[in-house]
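First up is the structure itself, then whatever we jot down about it.
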Amino acid sequence: HYEAEIAMMGIGRKFQKPTVFESHTIEENLMLALKGPRSIFPALFHRQSPAETRRIDEILGIIRLGDKRHDLAANLSHGQKQWLEIGMLLAQDPKL
């Protein structure tokens, strides 16, 4: 299966090498990963809803990066990037 098909089936996958957006903050990485329709124009002008803020807060608590929410992902250690990627998977609300 191709990556998009796997994701559409609700399967979240995490690989050994973290793939995060290093030029974005931890919070921005999680926001980009949240499940929902993402086309170009809505993504450009999207404002974070209270529900999205609560979900990001919840995930930050799970991955223990709440104190770094405004830090760039590039500044995280390898292990912290691994946790951020796990958080990004959780944000997609996978079935598996």
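5 is the number of the first residue of the sequence shown in this note's numbering; add one for each residue after it. By construction, the Cβ of each residue, glycine as well, lies at the ideal position given by its N, Cα and C atoms. Quantities reported herein were computed from a predicted structural model and do not represent experimental measurements.
Going straight from the alpha carbon of residue i to that of residue j, what length do you get?
{"i": "Ile67", "j": "Leu38", "result": "15 Å"}
{"i": "Ile30", "j": "His82", "result": "14 Å"}
{"i": "Asp61", "j": "Arg73", "result": "9 Å"}
{"i": "Gln84", "j": "Asn33", "result": "13 Å"}
{"i": "Ser53", "j": "Asp75", "result": "21 Å"}
{"i": "Gly91", "j": "Leu64", "result": "7 Å"}
{"i": "Asp71", "j": "Glu9", "result": "35 Å"}
{"i": "Ala77", "j": "Leu93", "result": "16 Å"}
What residues are listed by DSSP as bridge partners for residue i?
{"i": "Leu76", "result": "Thr29"}
Starting from the Cα of residue i, find the closest Cα among the options and give me that residue.
{"i": "Asp97", "options": "Gly65, Glu26 and Arg59", "result": "Arg59"}
{"i": "Thr23", "options": "Glu89, Ala55 and Leu93", "result": "Glu89"}
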